[in-house]
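Colleague: There's a structure below that I have some questions on.
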Amino acid sequence: MYPIILLSVLGVVTLFLGFSKSKNILLPATLLFLIIALIGNFVEWNKGPLLYFYDMFRVDNLTLSFNGIILLSAFMIVAISGGFQDNADSEPAEYYGLMLFSLVGAMMMVGFEHMIMLFIGVEILSVAMYVLTGSNKRNLRSNEAALKYFLMGAFATGFMLFGMTLLYGATGSFELSQIQGFASNMQQGSQSYILYAGLLLLLIGMLFKVSAAPFHFWTPDVYEGAPTIFTTFMSTIVKTAGFAALFRLLNTSFTNIYSFWWIIIALIAVLTLLVGNIGATSQNSFKRMLAYSGISHAGYLLIALTALSRPSENAIVFYSLAYSLSTICAFGVLMLVSKEKTIEGQPNEHYDAFNGLAKQNPLLAFVLAVSMLSLAGIPLTAGFWGKFFIFTSAAERGIMWITVIAVLMSTVGIYYYFRVIIASYLREGNMIKIRIAPFYQVILLIATFLTILFGLAPGIFDNLI
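In my numbering, the protein residues as written are 6 to 470.
As structure tokens, then:
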């Protein structure tokens, strides 16, 4: 609860700091606010479960773990934003304020105990992301991405609200515990059909937010059109919050009708893996490849939802952290390289922009290589253990066929992840020495170190939650 209150207040403070004569104070102030929120998040560790806001919000170790990942990711992303000093038209106070407010929405999604709290969280997060996606007003790609995101997001919200309405009609309550009680004592009849329909519509709205197929069509264009720093925010924090909300929803309210929805989630997971991995192989843009990569990783996380067991709970937390760290590194290197390599004044985000990176910038090449290896699930990286934990949870549930498909798709992923490593180390290019701000470099090194550390010692997370 403390981070939600802190960030709500500090977000307003950030907006007022925009009136100061010097905008250089905004970046350190925002980082300080995030550190305060991160410390406040763990004040309630091992004290839960606690209920706040008229029993609409639940705080337990799982909530605090997801909040910690979200706040850590936000800190790293803000740290590599550079205060938006490269763009004279930028409004950093507005950007940072919206980012802090969106974190409030993300944390509401993580700890909701009431459907209204879920809806408010989704809307706070979504509206902020619509605005940030179109923040580069002079770029037509950014404008197009924001419009697509807004329109398709509005449709998804409609499905989600309709689903909540049907669930209320079937159960007479928006509270997860009340819905769970109804589902456990439900008899076959008209009310059960309304409950099933409501759950399906609610899942459609939520699966849109996490880029699961076939609700993924917005993802490549929005990722490519949005400013890269906000694409990074979208691909990590939004996905983490979305899967945390899905896990809480299914694990709290619908375990008694697992036989109804598990095959639906399993089929969507397989489709998401196929679309994400096969789509990524044909991309020439590194940024679009990461968009399809995000789709494929949504598929792996959906496998953990399909298993829905105690191991899958830890698997989702660990995988979310591993994916966030690797993605921040990948986009962080992309921002530096694309700024130096331009095509007709626009950043070059294609694979050939990385040609010869290792010779002139060995540190960036190493960071990029570790992030790609982790995303590919290569041993000794956090990504390997993330996939291992997910596959293990599926195997314990007895759904080996989906594990086999996931392993096959992982081998496909090796192809497109290694393309950029090959370009960095084995291909010649006119790469120049890139100047890196010291703090930017520290953030990349910390994220890379954590990726390797969790790859070498994944047991750090054993029984943490």
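Positions of the beta carbon are idealized from the N, C-alpha and C atoms, including for glycine.
Which residues mark the beginning and the end of the beta strand (DSSP E) in which Arg253 is found?
Modeller: Locating residue 253 in the sequence shown gives position 248, where the first residue counts as 1. It is not in any beta strand (DSSP E) - Arg253 instead sits in the alpha helix (DSSP H) that spans Lys244 to Ser258.
Colleague: What's the gap between the Cα of Gly403 and the Cα of Val412?
Modeller: Counted from its first residue, the sequence shown places residue 403 at position 398. Counted from its first residue, the sequence shown places residue 412 at position 407. Approximately 16 Å, taken between the alpha carbons.
Colleague: Is Ile395 near Ala309, with beta carbons less than 8 Å apart?
Modeller: Residue 395 sits at position 390 when you count from the first residue of the sequence shown. Residue 309 sits at position 304 when you count from the first residue of the sequence shown. In contact: Ile395 and Ala309 (Cβ atoms closer than 8 Å).
Colleague: Out of Ser331, Phe371, Tyr228 and Leu36, which one is the CA nearest neighbour of Gly460?
Modeller: Against the sequence shown, residue 460 aligns to sequence position 455. Nearest of Ser331, Phe371, Tyr228 and Leu36 to Gly460, Cα basis: Ser331.
Colleague: Is Lys344 buried or exposed, if buried means 16 or more other CB atoms sit within 10 Å of its CB?
Modeller: Position 339 of the sequence shown, counted from the first residue, corresponds to residue 344. Exposed.
Colleague: Would you mind reading off the limits of the alpha helix (DSSP H) that contains Phe160?
Modeller: For the purposes of this step, residue 160 is taken as residue 155 along the sequence shown, with counting starting at 1. Residues Leu145 to Thr176.
Colleague: Helix, strand or coil, according to DSSP, for Arg432 in the structure here?
Modeller: Mapped onto the sequence shown, residue 432 falls at position 427. It is coil, neither helix nor strand.
Colleague: Locate the beta strand (DSSP E) running through Leu385, then write down its first and last residues.
Modeller: As a working mapping, residue 385 is identified with position 380 in the sequence shown. Counting along the chain, Leu385 falls outside any beta strand (DSSP E), and DSSP gives it neither H nor E.
Colleague: Do you know whose CA, among Ser415, Tyr356 and Leu152, lies nearest Leu279's CA?
Modeller: Taking the first residue of the sequence shown as position 1, residue 279 is located at position 274. Nearest option by C-alpha distance: Ser415.
Colleague: Please name the residue or residues paired with Glu345 in a DSSP beta bridge.
Modeller: Working through the sequence shown from its first residue, we reach residue 345 at position 340. None; Glu345 has no bridge partner.
Colleague: Under the rule that 16 or more other beta-carbon atoms within 10 Å means buried, what is Ser398, buried or exposed?
Modeller: Here residue 398 is taken as the residue at index 393 of the sequence shown, counted from 1. Classification for Ser398: buried.
Colleague: Quick one: complete alpha helix (DSSP H) runs, 4+ long, within the stretch 76-148?
Modeller: With a minimum length of 4 residues, the continuous alpha helix (DSSP H) runs that stay inside the stretch 76-148 are 97-116 and 120-138.
Colleague: The beta strand (DSSP E) with Val375 in it runs from where to where?
Modeller: Residue 375 sits at position 370 when you count from the first residue of the sequence shown. From DSSP, Val375 is part of no beta strand (DSSP E) but of the alpha helix (DSSP H) over Pro367 to Ala381.
Colleague: Tell whether a beta-carbon distance below 8 Å holds between Phe371 and Leu339.
Modeller: Here residue 371 refers to the residue found at position 366 of the sequence shown. Here residue 339 refers to the residue found at position 334 of the sequence shown. No, they are not a contact pair.
Colleague: One question on the structure: do Ala42 and Ile242 come within less than 8 Å of each other, judged by their Cβ atoms?
Modeller: Here residue 42 refers to the residue found at position 37 of the sequence shown. Here residue 242 refers to the residue found at position 237 of the sequence shown. Result no, Cβ atoms of Ala42 and Ile242 do not sit closer than 8 Å.
Colleague: Taking the alpha-carbon of Ile383 as reference, which of Ala246, Tyr422, Glu354 and Asn360 has the nearest alpha-carbon?
Modeller: Translated into the one-based positions of the sequence shown, residue 383 becomes position 378. Of the candidates Ala246, Tyr422, Glu354 and Asn360, the one whose C-alpha sits nearest the C-alpha of Ile383 is Tyr422.
Colleague: Could you work out which residue in Ser70, Ile427, Phe444 and Leu255 is closest to Leu36 when comparing CA atoms only?
Modeller: Locating residue 36 in the sequence shown gives position 31, where the first residue counts as 1. Ranking Ser70, Ile427, Phe444 and Leu255 by Cα distance to Leu36 puts Phe444 first.
Colleague: So Ser147 packs on Gly139, CB below 8 Å; how close in whole Å?
Modeller: The count along the sequence shown starts at 1 and reaches residue 147 at position 142. The count along the sequence shown starts at 1 and reaches residue 139 at position 134. That pair is a contact at about 5 Å.
Colleague: Run the CB neighbour count on Tyr46, radius 10 Å, all protein chains shown included, and call it buried at 16 or more, exposed below.
Modeller: Against the sequence shown, residue 46 aligns to sequence position 41. Per the sequence presented here, residue 46 reads as Asn, with Tyr not at that position. Classification for Asn46: buried.
Colleague: Tell me, to the nearest whole angstrom, how far the beta carbon of Phe62 is from that of Met122; I am working on the premise that it is less than 8 Å.
Modeller: Here residue 62 refers to the residue found at position 57 of the sequence shown. Here residue 122 refers to the residue found at position 117 of the sequence shown. So it is a contact: roughly 6 Å between Cβ atoms.
Colleague: Helix, strand or coil, according to DSSP, for Leu313 in the structure here?
Modeller: Residue numbering aside, residue 313 sits at position 308 when the sequence shown is read from its first letter. DSSP places Leu313 in coil when its eight states are reduced to three.
Colleague: So what does DSSP say about Ser415, is it helix, strand or coil?
Modeller: Position 410 of the sequence shown, counted from the start, is the residue given in the question as residue 415. Reduced to three states, the DSSP call for Ser415 is helix.
Colleague: Does DSSP classify Ser290 as helix, strand or coil?
Modeller: Locating residue 290 in the sequence shown gives position 285, counting from the first residue. Three-state result, Ser290: strand.
Colleague: Assess, as a yes-or-no matter, whether the stretch 356-366 is touched by the stretch 316-333 under the definition of 3 or more beta carbon pairs within less than 8 Å.
Modeller: They do not touch, by the three-pair rule.
Colleague: Counting C-beta neighbours from all protein chains within 10 Å, is the total for Asn141 16 or more, i.e. buried, or is it exposed?
Modeller: Position 136 of the sequence shown, counted from the start, is the residue given in the question as residue 141. With 16 or more other Cβ atoms within 10 Å, it is buried.
Colleague: What does a CB cutoff of less than 6 Å around Ala387 pick up in its chain, not counting 5 residues either side in sequence?
Modeller: Here residue 387 refers to the residue found at position 382 when the sequence shown is read from its first residue. Closer than 6 Å at the Cβ level, and outside the excluded window around Ala387, lie Ala327, Ser379, Thr456, Phe459 and Gly460.
Colleague: Do the stretch 248-258 and the stretch 207-220 meet, that is, are 3 or more Cβ pairs less than 8 Å apart?
Modeller: With a cut-off of 8 Å, the stretch 207-220 and the stretch 248-258 count as touching, because enough Cβ pairs lie within range.
Colleague: Can you name, in chain order, every residue of its own chain whose Cβ lies under 7 Å from the Cβ of Tyr173, other than the five neighbours on each side?
Modeller: On the sequence shown, position 168 is the one that residue 173 refers to. Excluding positions up to five away in sequence, the list reads Phe179.
Colleague: Who does Phe62 pair with in a DSSP beta bridge?
Modeller: In the sequence shown, the residue the question calls residue 62 occupies position 57. Note: Phe62 sits in a beta bridge opposite Tyr57 and Phe117.
Colleague: Thinking Ser70 and Val425 are a contact (beta carbons under 8 Å), I'd like their distance in whole angstroms, please.
Modeller: The residue you call residue 70 lines up with position 65 of the sequence shown. The residue you call residue 425 lines up with position 420 of the sequence shown. Contact flag wrong, Cβ pair sits at about 31 Å.
Colleague: Can you tell which of Met239, Met436, Ser376 and Phe238 has its C-alpha closest to the C-alpha of Asn366?
Modeller: Looking up residue 366 in the sequence shown gives position 361. Considering only alpha carbons, the answer is Met436.
Colleague: Pick out whichever of Arg440, Ala161 and Thr286 has its Cα sitting closest to the Cα of Trp223.
Modeller: Here residue 223 is taken as the residue at index 218 of the sequence shown, counted from 1. Taking only the C-alpha atoms, the option nearest Trp223 is Ala161.
Colleague: Hey, does Arg402 have any beta-carbon neighbour from chain D nearer than 8 Å?
Modeller: The structure shown contains no chain D; it is built from a single protein chain.
Colleague: Is the Cβ-Cβ distance between Asn72 and Val127 less than 8 Å?
Modeller: Along the sequence shown, one-based indexing puts residue 72 at 67. Along the sequence shown, one-based indexing puts residue 127 at 122. No; because the gap between Cβ atoms is not below 8 Å, this pair is not in contact.
Colleague: Within the continuous alpha helix (DSSP H) that includes Phe359, where are the two ends?
Modeller: Here residue 359 refers to the residue found at position 354 when the sequence shown is read from its first residue. Where Phe359 is concerned, there is no enclosing alpha helix (DSSP H), given that its DSSP letter is neither H nor E.
Colleague: Does the distance from the CB of Ile184 to the CB of Ser258 come in under 8 Å?
Modeller: Locating residue 184 in the sequence shown gives position 179, counting from the first residue. Locating residue 258 in the sequence shown gives position 253, counting from the first residue. Going by C-beta atoms, Ile184 is nearer than 8 Å to Ser258.
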